[in-house]
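Okay, so the sequence shown: first residue is 151 according to the numbering used here, each after it adds one. Glycine is no exception: its CB is placed at the ideal position from the N, C-alpha and C atoms. Every value quoted in this text rests on a predicted model; they were computed, and no experiment measured them. Step one of this worksheet: look at the structure below.
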Amino acid sequence: MGSVAHLPWFFMQNMESFGGRLPKEWVTGHIDLAKKILQRIWALGMNVVLQSYYGIVPPHFDQKFQHANVLTQGLWAGGLKRQDWTSAKLAVLPTGR
């Protein structure tokens with residue numbers, strides 16, 4: 151993940167990193183917050199609807215999963231690397247909660 155200022159682009163899955171790393175405390179705090187939010191949603195009897203996965207994978211994914219058939223998308227205008235992707239139906243990906 152990139153810096154806080156660039157999170158909107160990261161969450162739209164337009165980029166994989168930029169502007170330095172996020173502090174570990176920030177990541178840990180947001181994981182804890184997400185867990186609290188999900189617990190509250192479930193306690194209220196609501197269902198969580200999350201963005202669908204459409205195949206974006208982290209850098210070097212194909213080194214761990216050689217059969218993944220990763221497609222490199224190249225660079226954005228300005229030289230930033232676009233995220234790689236593979237089939238969303240890939241059997242090694244976890245599903246459910």
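With H, G and I counted as helix, E and B as strand and the rest as coil, what does DSSP make of residue i?
i: V154; result: helix
i: W226; result: coil
Please look up how many angstroms separate the CB atoms of residue i and residue j, rounded, as I've assumed it's under 8 Å.
i: L188; j: V198; result: 6 Å
i: G205; j: T236; result: 5 Å
Can you name, in chain order, every residue of its own chain whose Cβ lies under 8 Å from the Cβ of residue i, other than the five neighbours on each side?
i: V220; result: V207, F211, D212, D234, W235 and T236
What first and last residue would you give for the alpha helix (DSSP H) that runs through residue i?
i: F211; result: F211 to K214
i: V177; result: K174 to A193
Only counting the same chain, and skipping five residues up and downstream in sequence, which positions put a Cβ closer than 7 Å to that of residue i?
i: I191; result: V198
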